[in-house]
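In the UniProt record's numbering, the protein residues as written are 1 to 533. Written out below as structure tokens is the structure these notes cover.
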Amino acid sequence: MSRDRALLERALDRGEQDGGNVEFKERLLRDVHLEGGRRESLAAQLRHRLLSGDGEATYVVGVTDDGGLAGIDPDDFSESMDVLSLLAEEADAHIEDVQTWGVKDGLVGVATIHDGAVLETDDEHVVVGTAGHVDHGKSTLVGSLVTGKADDGDGATRAFLDVQPHEVERGLSADLSYAVYGFDDDGPVRVRNPNRKADRAEVVEEADRLVSFVDTVGHEPWLRTTIRGLVGQKLDYGLLVVAADDGPTRTTREHLGVLLATDLPTIVAITKTDAVSDDRVEEVEREVERLLREVDKSPLRVARHGVDAAVEEINERVVPIVATSAITMDGLDTLDELFDRLPKTSQDTGDFRMYVDRSYSVTGVGAVASGTVMSGEVEAGDELLIGPMPDGRFQDVEVRSIEMHYHQVDRAQAGRIVGIALKGIKESTIERGMVLLPADADPDPVREFEAEVMVLNHPTRIGDGYEPVVHLETIGEAAAFYPEGGRLLPGDTGNATVRFKFRPYLVEEGQKFVFREGRSKGVGTVTDVSPVD
Numbered sequence: 001m002s003r004d005r006a007l008l009e010r011a012l013d014r015g016e017q018d019g020g021n022v023e024f025k026e027r028l029l030r031d032v033h034l035e036g037g038r039r040e041s042l043a044a045q046l047r048h049r050l051l052s053g054d055g056e057a058t059y060v061v062g063v064t065d066d067g068g069l070a071g072i073d074p075d076d077f078s079e080s081m082d083v084l085s086l087l088a089e090e091a092d093a094h095i096e097d098v099q100t101w102g103v104k105d106g107l108v109g110v111a112t113i114h115d116g117a118v119l120e121t122d123d124e125h126v127v128v129g130t131a132g133h134v135d136h137g138k139s140t141l142v143g144s145l146v147t148g149k150a151d152d153g154d155g156a157t158r159a160f161l162d163v164q165p166h167e168v169e170r171g172l173s174a175d176l177s178y179a180v181y182g183f184d185d186d187g188p189v190r191v192r193n194p195n196r197k198a199d200r201a202e203v204v205e206e207a208d209r210l211v212s213f214v215d216t217v218g219h220e221p222w223l224r225t226t227i228r229g230l231v232g233q234k235l236d237y238g239l240l241v242v243a244a245d246d247g248p249t250r251t252t253r254e255h256l257g258v259l260l261a262t263d264l265p266t267i268v269a270i271t272k273t274d275a276v277s278d279d280r281v282e283e284v285e286r287e288v289e290r291l292l293r294e295v296d297k298s299p300l301r302v303a304r305h306g307v308d309a310a311v312e313e314i315n316e317r318v319v320p321i322v323a324t325s326a327i328t329m330d331g332l333d334t335l336d337e338l339f340d341r342l343p344k345t346s347q348d349t350g351d352f353r354m355y356v357d358r359s360y361s362v363t364g365v366g367a368v369a370s371g372t373v374m375s376g377e378v379e380a381g382d383e384l385l386i387g388p389m390p391d392g393r394f395q396d397v398e399v400r401s402i403e404m405h406y407h408q409v410d411r412a413q414a415g416r417i418v419g420i421a422l423k424g425i426k427e428s429t430i431e432r433g434m435v436l437l438p439a440d441a442d443p444d445p446v447r448e449f450e451a452e453v454m455v456l457n458h459p460t461r462i463g464d465g466y467e468p469v470v471h472l473e474t475i476g477e478a479a480a481f482y483p484e485g486g487r488l489l490p491g492d493t494g495n496a497t498v499r500f501k502f503r504p505y506l507v508e509e510g511q512k513f514v515f516r517e518g519r520s521k522g523v524g525t526v527t528d529v530s531p532v533d
């Protein structure tokens with residue numbers, strides 16, 4: 001018997017004990033179970049189950065009163081979870097987890113409900129984007145930071161972030177991954193076992209201050225994914241890693257260029273210092289300093305000047321440098337202190353907005369849109385718009401629930417990396433680059449916009465009709481450039497009209513973007529937009 005099936009069987013067995021903390025429901029319907037006194041009665045029943053279970057109750061949905069497996073269709077199951085969530089809220093509790101099984105022609109689900117209101121997310125939350133060459137130790141460093149565990153030399157802590165089987169097998173990240181740890185009055189609050197969702201959620205619940213990492217991809221063929229991670233998230237800081245045994249590479253310069261394009265305050269971590277001599281570490285530090293000065297940045301060695309100076313001086317121009325080893329753990333206490341003390345830099349201005357980075361479907365819940373809240377805040381039950389669709393439309397949706405690092409939250413504010421379960425849309429309709437907005441917004445989708453652009457690297461001139469990929473927020477779309485005057489040369493700054501090749505997106509004045517074609521790249525700022533007629 002599978003582990004999941006065994007969980008269902010245990011729930012059914014416990015339910016046979018009269019007065020226990022398990023409740024059987026075939027289905028819960030809004031127009032039946034939330035009407036009149038029925039709602040209060042069911043909420044009181046839930047409180048009794050919570051008291052019987054020392055703060056935890058289990059509701060098995062899709063079964064008969066005697067525990068027989070009936071199964072209900074997915075729409076009824078989704079409505080049942082909505083009703084159960086409302087009952088839990090009335091009982092000052094929340095649904096912690098839902099597991100489902102296919103039975104006959106429908107679904108059976110086990111919902112675990114915990115006493116206590118859903119976590120608020122008012123605590124300060126700093127978001128850090130990593131960058132750097134493949135094999136320079138980004139994921140390993142982040143894995144050691146969030147767990148407090150030393151690496152074994154073979155990338156054991158990297159496995160805490162890589163989520164795809166082929167990534168683990170090859171030891172290379174192929175997509176963005178996420179990690180979190182935090183701080184309270186006693187110091188770091190780390191993840192005991194990052195492979196357990198409950199342990200990650202516990203950090204979110206216990207820490208007074210959270211630090212989330214958006215871990216990007218170092219392998220050159222996935223530069224597009226790295227740009228998405230650095231441009232499409234509401235980051236507070238960049239963390240550029242440079243391995244002591246390799247030093248700065250062309251990819252290091254590429255990633256630094258993207259960080260510069262976003263005006264992101266950045267820390268450089270020199271990794272793998274255990275693998276080389278002290279003289280080699282010193283040599284790489286000097287190489288990093290030269291690289292930073294070439295792009296008009298001021299390096300600051302934290303070992304020489306101290307954490308106080310780094311916290312006070314870090315900005316778009318001053319870049320602290322920290323020497324680290326995930327094996328000996330040297331330098332990680334310095335990074336801990338920096339991340340505990342560095343102020344949040346991204347500003348929360350305006351109404352709620354979230355560009356979609358990923359979408360997926362959860363059985364019994366439905367479509368989930370994942371991304372970083374760029375501004376404002378969102379609550380469960382909010383009515384929103386999502387779009388634009390390929391034809392420029394925006395669609396009405398409702399927030400079913402919100403999850404942050406596997407912990408269900410009551411609301412999410414700017415800077416939070418969240419998954420938002422949406423009612424009223426199929427997952428197959430949601431695409432990366434779409435945006436979630438308040439229901440009363442009046443968005444104007446854009447096919448064409450004006451921009452000030454700088455060509456950072458290109459073998460020849462850029463002329464009319466040049467078609468790179470534009471990365472703006474989570475948008476990654478081919479676009480045609482029409483430079484003012486007909487051309488732009490490498491190193492030039494000028495104005496250009498930019499037109500998306502296939503479909504409209506929501507683009508606004510002031511947004512920054514990166515464009516690239518192969519090794520050619522440039523940066524730009526939107527100066528004017530042309531809404532779709």
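In this text, a Cβ means the ideal position worked out from N, Cα and C, and glycines have one as well.
Between F352 and S375 a beta carbon distance of about 7 Å is seen, short of the 8 Å cut, so the two are scored as contacting. Boundaries of the alpha helix (DSSP H) around T140: 138-147. Scanning the segment 426-510 for uninterrupted beta strand (DSSP E) segments of 3 residues or longer gives 435-438, 446-457, 469-472, 475-483, 493-500, listed from N- to C-terminal end. In this structure, DSSP gives T64 a state outside helix and strand, which the three-state scheme calls coil. Counted as a single uninterrupted DSSP element, the alpha helix (DSSP H) harbouring V83 occupies residues 74-90. Of the residues P490, V142, V514, the one whose Cα lies closest to the Cα of H471 is V514. Taking C-beta atoms under 8 Å as the contact rule, V108 and V63 qualify, at a distance of about 6 Å. Selection A43, S212, V455, W101 evaluated against D340 yields S212 as nearest (Cα-Cα). Look at R253 here: in three-state DSSP terms it is helix.
In the structure shown, H94 falls within a strand segment according to DSSP collapsed to helix, strand and coil. Counting the other Cβ atoms within 10 Å of the Cβ of V365 gives 16 or more, which makes it buried. Nearest to A207 by C-alpha distance, out of K512, R280, P188, is P188. Under the three-state reduction of DSSP output, E383 falls in the strand class.
Taking a C-beta distance under 7 Å as the contact criterion, A496 and P504 do not qualify as a contact pair.
Annotation for G106: G71, I72, D73 place their beta carbon closer than 6 Å to its own, counting only its chain and skipping 5 residues before and after. Distance from the Cα of D152 is smallest, within the candidate group L436, G182, S325, H114, for S325. Rounded to whole angstroms, the gap between the alpha carbons of G36 and R30 is 11 Å. Looking at A201, L506, V373, the one whose alpha-carbon comes closest to that of V529 is L506. Considering only L42, S85, H125, V60, the residue with the shortest C-alpha distance to I417 is H125. With the rule of 3 Cβ pairs closer than 8 Å, the segment 444-458 does not count as touching the segment 410-428. Distance from the CA atom of E23 to the CA atom of D199, rounded to whole angstroms, is 26 Å. With fewer than 16 other Cβ atoms from the protein chains shown falling within 10 Å of its own Cβ, F502 counts as exposed. With contact defined as three or more Cβ pairs closer than 8 Å, the segment 128-139 and the segment 243-250 are in contact.
The three-state secondary structure of V311, taken from DSSP, is helix.
At a Cβ-Cβ threshold of 7 Å, G371 and M354 count as neighbours. The distance from the Cβ of V203 to that of I267 is about 21 Å, inconsistent with a contact at the 8 Å cut-off.
DSSP lists A369, I402 as the bridge partner or partners of I420. Judged by DSSP in its simplified three-state form, S52 adopts helix. DSSP lists V63 as the beta-bridge partner residues of L69. By alpha-carbon distance to R304, the top candidate from D296, L264, E282 is E282. The alpha-carbon separation between G68 and R516 amounts to approximately 58 Å. Here L210 is bridged, per DSSP, to H125, G182. With contacts defined as CB atoms closer than 7 Å, A439 and E377 fail to qualify as a contacting pair. DSSP, reduced to helix, strand and coil, places E35 outside both helices and strands of the structure shown, so it counts as coil. With a beta-carbon spacing of about 6 Å, V288 and V242 fall inside the 8 Å limit used to define contacts. Where F394 is concerned, there is no enclosing alpha helix (DSSP H), because DSSP gives it neither an H nor an E.
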